[in-house]
Amino acid sequence: MRPEDWRSMGLKDSEYEAIVNILGREPNIVELGMYSVMWSEHCSYKNSRAVLRTFPTQGPRVLQGPGENAGIVDIGDGMAVCFKIESHNHPSAIEPYQGAATGVGGIIRDIFTMGARPIALLNSLRFGPLDDARSRYLFGGVVSGIAGYGNCVGIPTVAGEVYFDNCYRGNPLVNAMCVGLLETDKIKRGRATGVGNPVILAGARTGRDGMHGVTFASEELNAASEERRPAVQVGDPFMEKLLLEACLELINSGLVEGIQDLGGAGLTCATSEMASRGGSGMEIDLDKVPCRETGMTPVEIMLSESQERMLLTVRPENEEKVHAVFERWGLASATIGRVTADGILRIRMGGKVVAEVPARSLAEDAPVYCPAFREPAYLQTTSVLNLKEIPDVEDAEDVLLKLLSAPNIASKEWVWRQYDYMVRTCTVVLPGSDAAVLRIRGSKKGLAMTTDCNARYVYLDPYTGGMIAVAEAARNVVCSGGEPLAVTDCLNFGNPEKPEIYWQFRKAVEGMSAACVALNTPVIGGNVSFYNETEGEAIYPTPVVGMVGLLEDVAKRCTQSFKEAGDVIVLLGSTYDELGGSEYLAVIHGLVKGKPPALDLEREKAVQRTVLTAIRQGLLRSAHDLSEGGLAVALAESTFENLIGAEIHLTTAGLRKDSLLFGESQSRIVVSLPQEKLPILQEIAEQHNVPLQVIGRIGGERLKICLDAEPVVDLGVKELHAIWREAIELLLK
Amino acid sequence: MKFGVVVFPGSNCDLDAFHLVKDVLKQPVDYIWHTQENLEGYDCIILPGGFSYGDYLRCGAIARFSPVMKEVVRFAHNGGLVIGICNGFQILLEAGLLPGALYRNTNLQFRCHFTYLKVENTDTPFTKGIAPDRLLKIPIAHGEGNYYADGETLCRLQENGQIVFRYADADGKVTDAANPNGSLYNIAGICNETRNVLGMMPHPERAAEAILGSEDGRLIFEALLRYKEGGR
Numbered sequence: 189m190r191p192e193d194w195r196s197m198g199l200k201d202s203e204y205e206a207i208v209n210i211l212g213r214e215p216n217i218v219e220l221g222m223y224s225v226m227w228s229e230h231c232s233y234k235n236s237r238a239v240l241r242t243f244p245t246q247g248p249r250v251l252q253g254p255g256e257n258a259g260i261v262d263i264g265d266g267m268a269v270c271f272k273i274e275s276h277n278h279p280s281a282i283e284p285y286q287g288a289a290t291g292v293g294g295i296i297r298d299i300f301t302m303g304a305r306p307i308a309l310l311n312s313l314r315f316g317p318l319d320d321a322r323s324r325y326l327f328g329g330v331v332s333g334i335a336g337y338g339n340c341v342g343i344p345t346v347a348g349e350v351y352f353d354n355c356y357r358g359n360p361l362v363n364a365m366c367v368g369l370l371e372t373d374k375i376k377r378g379r380a381t382g383v384g385n386p387v388i389l390a391g392a393r394t395g396r397d398g399m400h401g402v403t404f405a406s407e408e409l410n411a412a413s414e415e416r417r418p419a420v421q422v423g424d425p426f427m428e429k430l431l432l433e434a435c436l437e438l439i440n441s442g443l444v445e446g447i448q449d450l451g452g453a454g455l456t457c458a459t460s461e462m463a464s465r466g467g468s469g470m471e472i473d474l475d476k477v478p479c480r481e482t483g484m485t486p487v488e489i490m491l492s493e494s495q496e497r498m499l500l501t502v503r504p505e506n507e508e509k510v511h512a513v514f515e516r517w518g519l520a521s522a523t524i525g526r527v528t529a530d531g532i533l534r535i536r537m538g539g540k541v542v543a544e545v546p547a548r549s550l551a552e553d554a555p556v557y558c559p560a561f562r563e564p565a566y567l568q569t570t571s572v573l574n575l576k577e578i579p580d581v582e583d584a585e586d587v588l589l590k591l592l593s594a595p596n597i598a599s600k601e602w603v604w605r606q607y608d609y610m611v612r613t614c615t616v617v618l619p620g621s622d623a624a625v626l627r628i629r630g631s632k633k634g635l636a637m638t639t640d641c642n643a644r645y646v647y648l649d650p651y652t653g654g655m656i657a658v659a660e661a662a663r664n665v666v667c668s669g670g671e672p673l674a675v676t677d678c679l680n681f682g683n684p685e686k687p688e689i690y691w692q693f694r695k696a697v698e699g700m701s702a703a704c705v706a707l708n709t710p711v712i713g714g715n716v717s718f719y720n721e722t723e724g725e726a727i728y729p730t731p732v733v734g735m736v737g738l739l740e741d742v743a744k745r746c747t748q749s750f751k752e753a754g755d756v757i758v759l760l761g762s763t764y765d766e767l768g769g770s771e772y773l774a775v776i777h778g779l780v781k782g783k784p785p786a787l788d789l790e791r792e793k794a795v796q797r798t799v800l801t802a803i804r805q806g807l808l809r810s811a812h813d814l815s816e817g818g819l820a821v822a823l824a825e826s827t828f829e830n831l832i833g834a835e836i837h838l839t840t841a842g843l844r845k846d847s848l849l850f851g852e853s854q855s856r857i858v859v860s861l862p863q864e865k866l867p868i869l870q871e872i873a874e875q876h877n878v879p880l881q882v883i884g885r886i887g888g889e890r891l892k893i894c895l896d897a898e899p900v901v902d903l904g905v906k907e908l909h910a911i912w913r914e915a916i917e918l919l920l921k
Numbered sequence: 018m019k020f021g022v023v024v025f026p027g028s029n030c031d032l033d034a035f036h037l038v039k040d041v042l043k044q045p046v047d048y049i050w051h052t053q054e055n056l057e058g059y060d061c062i063i064l065p066g067g068f069s070y071g072d073y074l075r076c077g078a079i080a081r082f083s084p085v086m087k088e089v090v091r092f093a094h095n096g097g098l099v100i101g102i103c104n105g106f107q108i109l110l111e112a113g114l115l116p117g118a119l120y121r122n123t124n125l126q127f128r129c130h131f132t133y134l135k136v137e138n139t140d141t142p143f144t145k146g147i148a149p150d151r152l153l154k155i156p157i158a159h160g161e162g163n164y165y166a167d168g169e170t171l172c173r174l175q176e177n178g179q180i181v182f183r184y185a186d187a188d189g190k191v192t193d194a195a196n197p198n199g200s201l202y203n204i205a206g207i208c209n210e211t212r213n214v215l216g217m218m219p220h221p222e223r224a225a226e227a228i229l230g231s232e233d234g235r236l237i238f239e240a241l242l243r244y245k246e247g248g249r
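Written out as structure tokens, the structure is:
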């Protein structure tokens, strides 16, 4: 082997030496390829493992934490919910439709691999500004890719978030999340056990697509990235649907011992991880692998990332039954090997052994790095924000209209109306509210789910930003009536080998952990995506939080929309002069500066408790958390669904007007309820020591806001709604 | 009244139709696998939404050759009730049980949202008893629902009262703005001349319970139950 051989595959010299040490000899080209993909950042988490261990991952409800294909949480009555989020950023930057589509396909397989029936898809997307033609192309392509795949498989895409910022211009983020339901006694794991058990490969035939996809995902993007197009796979959602149904049928009839999907690093990853987790080895005969074309080499077969494939281990007596089920679903399947006891992954082709390595060394023994870290220099500049230099708002109506039509706040209907969010007829809070809610058929329960991250906050203060990402996700779940259960995270960062990036990563994880502990939401799995840089420029650190919450009674779900004229409107929580990192500052004053709003986790918990208690007692008719655009935007959003107005009276009490109307102070929720129920809410808030302010009443067809008795906003709800609803479509024309 | 829900490998609204019949209408219902060649004993066959065989070709173009579709055609010719929803409608057109074709939506996008349907003919087994001015709030979810037929066929459809549903706005006006996919004459659903086969793009099975935001879809199935009770 020459240095250029391993370096061209992304291996460092020291990593090559480690491989030689493990094997006691030089690897051959097949083995080198296998190590290169398994030891890529994407598969091995070699730069993040040490930090990820600091996440809280335990809890009384956690049935499966990180380390499997997806995490699982108990929801009572023998049922469990399984979920995970994953990135597909790099492929989507090159080929948006297929990149996004295969991202959805991969995350669906992670869920049914665990034995769960996928019931919902979510996503979290970031693009460059819409005045940029390539960003518009990527945006349109990604959305139709997600739609094309999810709609065909028949899993509703129910929630998500979309942000636009210059930092994502060359490196969009495409994070896909899937949620599944299963019975607690039907959990399956990706473990190869039982010496002699047949190993079956099923689904799509193996082709030459997606070679070295994980290596591509573990490097920065640049002008030459376009040449990586062949590393992007092509999705076949129909095949996925067949595979999903066949695998669930097999699992439910007890015919499967271990099961794992083939994603990044293809057959190499699935065989080595299953053997490693099971403490076993595997013998694989590549001549038995159903291939799409003749003449494929061992390296190609072992590294192919052809989509829609699954690897199963079964008992010998069930082998034929398993093949018969796949055949009934029109799928190819083949027994390609056996489980062995010696811990060795032995690959044969043409009667010869072409690779022979300890399975565990591929899956577990990648080097663990603790990269250097250093506080980024930019924070010196960005943290300085002197509010005295910023004129307070003069024309609040103008600002409100500008914020409502700003792409980060404007309606994302253009996006979600392309997704089938109703199939399976369980979606009972549709896209557009704080979190989606799904009923669980055959029970009274429901699940609330959301994805959240304000990356600008994380950029300005990774610790606080990380905390807020978790807190806001939980707040969204609570506003829908759900009790937050657990978190899956997708940590999108730049190049971890740069100390300033690694500092962002460490701090963000620290902040997220603190919030997860305080809010009782352990991290049950997730994904790290590093190297999100274009020509050396990193994206904002973007640790996306996916959260699922439980509603014991789905009839007690809540939405953000005002419902009845005459109801009182109440603001829970406190407002401060906090404009740092706000959408207001960015859109109106062109500034990305200051510290993000402070977050007091005790207060956050108390506010969430108050709202959840009130929803469960049936007191509230609406609840909406305050986020980008602050109180004024939240109030406007609450008027839109039913086009019913509100009259609001606020007192500045020493605060700036812009802070009060558009500031993004944390731990605030605006709720509406019938007047007669107000005293009970006041009592609950008092018990939790949560400030409560009656700020107005629902009614009419206008949104009227008075500050210290002076009217500052008086606009027709229909007009506001139209501007908010049509903004993104107008920008795309 | 006994229903059968056909399951093609890529059907994905089969569960929803099955749930509607079993749990909401409380009627007997079976899944019918696409290779089944016997439809004896059923009163109504539902062809559900989805992507029958992937539909990478024209939607429904492969499904029409499936073993079960030969039986569905025979069943329909013998007067059996057939309702094709979304992909099911596409398959009925491909199988020649209904006239016309469905193009890609003029906006070139998949669209999922509630629509309002004006009932054009209340004298079919699927609509009898629905008040003529009753708008139905039922959602669509499709990329290829743009109905087309040549002028002669359209005239025939009109003369025979085969146009059953048209897209309208919330006030019941049939307008271009209310047309979600470019369908000719805002057509959302049609039936055959003998009125026993209905094809529609909107999903009534998604609008049959209050918790889902509308119960209007149930009216279509309740009409069927009344029709059956009437002994016809």
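Read top to bottom, the protein sequences are chains A and B. Just so we're aligned, residue 189 is where the first sequence starts under this note's numbering, counting upward by one. Just so we're aligned, residue 18 is where the second sequence starts under this note's numbering, counting upward by one. We put the beta carbon where it would ideally sit given N, CA and C, even for glycine. None of these values were measured; they are calculated from a predicted model.
Closer than 8 Å: residue 369 of chain A CB and nearest the ligand FMN heavy atom: You won't find the ligand FMN in this model; it holds no ligand whatsoever.
Cutoff 6 Å; reference residue 836 of chain A; Cβ partners in own chain excluding five residues on either side: Once the five neighbours on either side are set aside, the close Cβ partners of residue 836 of chain A are 883, 884, 893.
Test: residue 627 of chain A CB closer than 9 Å to a CB of chain B: yes
Residue 426 of chain A at chain B interface by Cβ criterion, 9 Å: yes
From A:571, A:481, A:691, A:389, residue whose alpha carbon lies closest to that of residue 560 of chain A: A:691
C-beta atoms of residue 189 of chain A and residue 214 of chain A nearer than 9 Å: yes
Limits of the unbroken beta strand (DSSP E) element including residue 274 of chain A: Its beta strand (DSSP E) spans residues 267–275.
Residue 513 of chain A, DSSP secondary structure in three states: helix
Secondary structure of residue 130 of chain B, DSSP reduced to three states: strand
Interface flag, residue 73 of chain B vs chain A, CB-CB below 9 Å: Chain A contact via Cβ: present.
Neighbour flag for residue 285 of chain A against chain B, beta carbons, 9 Å: no
Partners in chain B for residue 335 of chain A, counting only beta-carbon separations shorter than 7 Å: 127
Closer than 7 Å at the beta carbon, the chain B residues around residue 518 of chain A: Chain order gives the chain B residues near residue 518 of chain A as 26, where near means a beta carbon separation below 7 Å.
Short CB-CB distance (under 9 Å) between residue 608 of chain A and chain B: yes
Contact set between the stretch 598–624 of chain A and chain B, restricted to residues whose Cβ is under 7 Å from the partner: 605, 606, 607, 608, 609, 610, 611, 612, 613, 616
Beta-carbon contacts of residue 210 of chain B that lie in its chain and below 7 Å, excluding the five residues immediately before and after: 177, 179
Whole-angstrom C-beta distance between residue 536 of chain A and residue 542 of chain A, which should lie under 8 Å: 7 Å
Nearest candidate by alpha-carbon position, reference residue 703 of chain A, set A:457, A:245, A:378: Taking residue 703 of chain A as reference, the option from A:457, A:245, A:378 with the minimal CA-CA separation is A:245.
Test: residue 230 of chain B CB closer than 9 Å to a CB of chain A: Yes, because at least one Cβ of chain A sits closer than 9 Å to the Cβ of residue 230 of chain B.
Test: residue 340 of chain A CB closer than 9 Å to a CB of chain B: yes
Cβ distance (whole Å) where residue 699 of chain A is taken to contact residue 654 of chain A below 8 Å: That belief holds up - the Cβ atoms of residue 699 of chain A and residue 654 of chain A are roughly 3 Å apart, short of 8 Å.
First through last residue of the alpha helix (DSSP H) which encompasses residue 461 of chain A: Residue 461 of chain A: member of the alpha helix (DSSP H) spanning 454–466, first to last residue.
Whole-number beta carbon distance between residue 384 of chain A and residue 504 of chain A, since they are thought to touch under 8 Å: 7 Å
Secondary structure of residue 194 of chain A, DSSP reduced to three states: helix
Buried or exposed by the 16-neighbour rule on C-beta atoms within 10 Å, applied to residue 487 of chain A: buried
Closest residue to residue 141 of chain B among B:200, B:247, B:240, B:79 (Cα-Cα distance): B:240
With 16 other Cβ atoms within 10 Å as the buried cut-off, status of residue 82 of chain B: Within 10 angstroms of the beta-carbon of residue 82 of chain B lie fewer than 16 other beta-carbons, which makes it exposed.
Opening and closing residue of the beta strand (DSSP E) in which residue 315 of chain A lies: Per DSSP, the continuous beta strand (DSSP E) segment holding residue 315 of chain A begins and ends at 305–315.
Where the stretch 25–46 of chain B meets chain A: residues whose CB sits under 7 Å from a CB there: 26, 27, 29, 30, 32, 33, 36
Where the beta strand (DSSP E) containing residue 846 of chain A begins and where it ends: For residue 846 of chain A, no beta strand (DSSP E) encloses it; the enclosing alpha helix (DSSP H) starts and ends at 845–850.
Residue-chain proximity (residue 66 of chain B, chain A), Cβ-Cβ < 9 Å: True, the Cβ-Cβ gap to chain A drops below 9 Å.
For residue 170 of chain B and residue 244 of chain B, the rounded distance between their alpha carbons: 28 Å
Residues, ordered as in the chain, of the stretch 148–168 of chain B that lie near chain A by beta-carbon distance below 7 Å: So the close ones are 156, 158.
Residue 430 of chain A at chain B interface by Cβ criterion, 9 Å: yes
CB contact flag (residue 198 of chain A, residue 224 of chain A, <9 Å): Result yes, Cβ atoms of residue 198 of chain A and residue 224 of chain A sit closer than 9 Å.
Beta carbon proximity, residue 80 of chain B to chain A, threshold 9 Å: no
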